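Quick note: the sequence shown, position 66, residue 66 per full-length UniProt numbering, numbers continuous.
Take a look at the structure set out below.
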Amino acid sequence: MKYTNEDLIRCLTKFIRGMPIEYHDIPYIDLYGNKEPGELFQNSCNDHVNYFFTQLKRKLSRVKTSTDQLFEVANQRRIQDFKKTGAPLL
Numbered sequence: 001m002k003y004t005n006e007d008l009i010r011c012l013t014k015f016i017r018g019m020p021i022e023y024h025d026i027p028y029i030d031l032y033g034n035k036e037p038g039e040l041f042q043n044s045c046n047d048h049v050n051y052f053f054t055q056l057k058r059k060l061s062r063v064k065t066s067t068d069q070l071f072e073v074a075n076q077r078r079i080q081d082f083k084k085t086g087a088p089l090l
């Protein structure tokens, strides 16, 4: 079935709020589960477009940034000027 953008946004809003959804052909699929990719859409219609809900997987590791260095330096009781010289200010 072809949905408009308004239909999809309305359905997503209801799904997020935990309200009943009138679009029963938009299933919840665990993309990060144990199923093979070919098994995920076995029960879908033969259209080239499939709609579904899934829980996003959060990344566990963070990217190290310059603010991480600033906190490490603050714990050592020094303040450094990273922009100019990288030398300690105090």
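Where is the CB? At the ideal position from N, CA and C, for every residue including glycine.
Note that the coordinates shown come from a computational prediction; the quantities given were computed from them, not determined experimentally.
Rounded distance between the beta-carbons of residue j and residue i, thought under 8 Å
i: I26; j: C11; result: 6 Å
i: F41; j: N50; result: 5 Å
Contact check, residue i vs residue j, beta carbons under 8 Å
i: K2; j: Y32; result: no
i: F15; j: I9; result: no
Restricting to runs no shorter than 4 residues, where is the alpha helix (DSSP H) found entirely within the UniProt domain "NAC" (4-63)? Taking only runs of at least 4 residues, the alpha helix (DSSP H) segments lying wholly in the UniProt domain "NAC" (4-63) are 5-17, 37-40.
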